[in-house]
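Residue numbers (this note's numbering): 364 to 1131.
Please read the structure below before turning to the comments.
Following this line, the structure appears as structure tokens:
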């Protein structure tokens, strides 16, 4: 952790006690101290700030402003006052959830000078839209006018590339280089020092625009950030025309003060390029910024450094009708130094070493480089392999029976399945296609190699037969000739089992209503003929929650889905058992009455019946019955509207057979949802502020409607103002059990409805 102000920085690691004589001078440009951390700070509260820092004397209206890993301390500082900044341990976390290491007790002194008029550019290199706002960000205080000069430059000029992220300040009293002493142009558009940039800026000739412009600072009492309108200056030049692309250097100088001019490089373009990394290549898509249409015929030039010679190398690709161009991986390149997108007179130059932040793993991270895979050797794909499939005709056999095995082999390459490729011989000729082999290992650990037939489509067929093999589990493996690792395997069992003498069948409805009883019937019959009578039968009935949504109702939200229904009473899995004896006709009936359950949510009943025969051999059968509510409420409404005075949701009731139910009374209610936060009393020793947020739903309208069998029913509900609203439907079945459905929506308007912006720059999307 460090403290900086006006370019001066002091580390606080190890609990240093900086003397008063080493006080940081924050200057007279309105700058305030900044805390510099090693990682981006996440959501620094005022309570945590007061634990982290303590200022003596106190500063009114002290508040933090977060910029990634920088925390700026803003407040009403008194000029020419020596402040002591005491730093202590505090619950400060970064964007990965890691807590700040205790910095110990550290003291740093600083002072703020009287504010003087100043003017500076915020960025040294920027790109603006040709057909959009062309503003150069600046900040200043006290100056009503400024001297602005604009030079049009060659976008590929290596002497002015890459431009510094900070503006380059040039002393205009210094003489430009004499003839013969001009700075040399670098052979590679790689790294340019600020001195080299300043030397090339001094060589600029007559400016395209040289004008004294008005600044919006005359009536401002403090430091003000604003945009210098470059578009108005350029559009006034007849040689250019309105809203034309180009590359410029813009110099700004105060009318009083030091003879210094701050320069920034500005690209005015209507091009955008998107890179998609593929295996072994990178795909570039060029589109227009104003229409998002693909740009055909755009040239993309790549400037790089050769890995062996260190000299400049490059490549060019041209976009097709879809605005796409592909560049294969260049493993001989050491690094990529510049990318130039060119279409007619519009040129976009990109610095690969300074990409925008990247979003991954739920947080933003600064980009260290653009397209690093373009200069990296492509490793072999992990998923490319020889795959196989092996199957037996059934899972269990008796000793002495034939076991028929079938399989096939495929080669997976690049996500596609194909036939294995025959290897090449030393003389370049193609070897014969590889053969397949099947081997079986039994419980005696003996390996049996089978005679395997290989088809032209790389299929394998084999038969295994032994008169008296050991009983137990066997494993069959499929091999490609010449490989020691199997590509597929299959287990089967050899047992001296007995076939049952009877069969067991269960009969019951597939779906039923929750407001009426139902039954499931078991029937046992001998294969030779006749019913199995007087034998014991054991029932196991398992009830578990079911998730049901009526079919064929696109756009409707249903109360039977877990997201919109109140499922607090949804039952967990339960199991009951019942033992009985088969009647003379070989049957037994189980009856269930879902009406006894308080819970009216869908559920599935699993019936398993087991009958023990006269030879003590058991036979089982399973069936499932889904019990559904007699109706399911459905709601269709617009979830977002820019403005509205009323909403008209559509309401339906769908039965068990997915048909509309008529004459079902439904109460439709409309609530307006608001949130209120208040401070809760906490222990004074902890010094932490605790806030409680309460949700309030205020009823706006209520109507009772009756559903129809021929379509949805629309109900008009008035709304008052912008905000979040909740539509709730409530209905009861014949047993009085309540079914409810609620969905929220947002309606905009003239009233301000806003939420605080998160410092992490991340928000969560939840699908319906």
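Built from N, CA and C at the ideal position, the CB exists for glycine as well.
Does residue i pass the burial test, meaning 16 or more other C-beta atoms within 10 Å, or should it be called exposed?
i: residue 862; result: exposed
i: residue 488; result: buried
i: residue 694; result: exposed
i: residue 1088; result: buried
i: residue 707; result: exposed
i: residue 1003; result: exposed
i: residue 633; result: buried
i: residue 409; result: exposed
i: residue 522; result: buried
i: residue 618; result: exposed
i: residue 851; result: buried
i: residue 642; result: exposed
i: residue 661; result: buried
i: residue 755; result: buried
Tell me where the beta strand (DSSP E) around residue i begins and ends.
i: residue 451; result: Per DSSP, residue 451 belongs to no beta strand (DSSP E) and is neither H nor E.
i: residue 666; result: 662-669
i: residue 708; result: Per DSSP, residue 708 belongs to no beta strand (DSSP E) and is neither H nor E.
i: residue 685; result: Where residue 685 is concerned, there is no enclosing beta strand (DSSP E), given that its DSSP letter is neither H nor E.
i: residue 1070; result: Taken as a continuous stretch (DSSP letters only), residue 1070 belongs to no beta strand (DSSP E), as it is neither H nor E.
i: residue 429; result: 426-430
i: residue 975; result: 966-975
i: residue 890; result: Per DSSP, residue 890 belongs to no beta strand (DSSP E) and is neither H nor E.
i: residue 726; result: 726-728
i: residue 626; result: 623-632
i: residue 874; result: 874-876
i: residue 950; result: 950-955
i: residue 368; result: 365-368
Roughly how many angstroms separate the alpha carbons of residue i and residue j, rounded to a whole number?
i: residue 1056; j: residue 1039; result: 5 angstroms
i: residue 1133; j: residue 1080; result: Only positions 364 to 1131 of the chain appear in the structure, and residue 1133 is not among them; the question remains open.
i: residue 433; j: residue 513; result: 33 angstroms
i: residue 760; j: residue 795; result: 36 angstroms
i: residue 1127; j: residue 556; result: 42 angstroms
i: residue 629; j: residue 612; result: 6 angstroms
i: residue 584; j: residue 570; result: 33 angstroms
i: residue 494; j: residue 607; result: 8 angstroms
i: residue 840; j: residue 806; result: 15 angstroms
i: residue 1104; j: residue 399; result: 50 angstroms
i: residue 859; j: residue 834; result: 8 angstroms
i: residue 928; j: residue 1102; result: Interpretation of residue 928 is limited by its pLDDT of 44, a score under 50 that renders its predicted location unreliable; the figure taken from the coordinates is listed afterwards. Approximately 8 angstroms between the Cα atoms of the pair.
i: residue 366; j: residue 394; result: 13 angstroms
i: residue 885; j: residue 1011; result: 51 angstroms
i: residue 567; j: residue 648; result: 35 angstroms
i: residue 1100; j: residue 1082; result: 30 angstroms
i: residue 750; j: residue 797; result: 14 angstroms
i: residue 980; j: residue 899; result: 12 angstroms
i: residue 518; j: residue 485; result: 21 angstroms
i: residue 940; j: residue 1034; result: 46 angstroms
Leaving out five residues before and five after residue i in sequence, what residues of the same chain have Cβ atoms less than 6 angstroms from its Cβ?
i: residue 491; result: 497, 631
i: residue 1096; result: 878, 993
i: residue 424; result: 438, 439
i: residue 466; result: 364, 375, 450
i: residue 906; result: 937, 966, 968
i: residue 515; result: 571, 609, 611
Where do the N-terminal and C-terminal ends of the alpha helix (DSSP H) with residue i fall, by residue?
i: residue 563; result: 557-565
i: residue 802; result: Looking at the DSSP string, residue 802 is not in any alpha helix (DSSP H); the run it does join, the beta strand (DSSP E), is 799-804.
i: residue 594; result: 593-598
i: residue 411; result: 409-415
So is the beta-carbon of residue i under 7 angstroms away from any non-hydrogen atom of the ligand ATP?
i: residue 418; result: You won't find the ligand ATP in this model; it holds no ligand whatsoever.
Can you find the residues in the same chain that come closer than 8 angstroms, C-beta to C-beta, to residue i, ignoring five residues on each side of it along the sequence?
i: residue 736; result: 640, 645, 692
i: residue 880; result: 954, 955, 956, 957, 958
i: residue 480; result: 503, 504, 505, 506, 617, 619, 620
CB-CB under 7 angstroms to residue i, same chain, minus the five flanking residues each way: which ones, in chain order?
i: residue 675; result: 550, 551, 666, 668
i: residue 422; result: 438, 439, 440
i: residue 561; result: 531, 533
i: residue 545; result: 566
**OP:** Would you check if there are 3 or more beta carbon pairs closer than 8 angstroms linking the segment 901-918 to the segment 854-868?
**Re:** no
**OP:** Would you be able to state if there are at least three C-beta pairs under 8 angstroms between the segment 1066-1084 and the segment 1007-1016?
**Re:** yes
Original post:
Pairing CB atoms from the segment 401-413 with CB atoms from the segment 437-452, are three or more of them under 8 angstroms?
Top reply: no
Subject >> Cβ contact (3+ pairs, closer than 8 angstroms) linking the segment 769-783 and the segment 818-825 >> reply: yes
Original post:
For the 8 angstroms Cβ check, are there 3 or more pairs between the segment 581-596 and the segment 500-508?
Top reply: yes
Original post:
How about the segment 591-598 and the segment 523-538: do they share at least three Cβ pairs that are nearer than 8 angstroms?
Top reply: no
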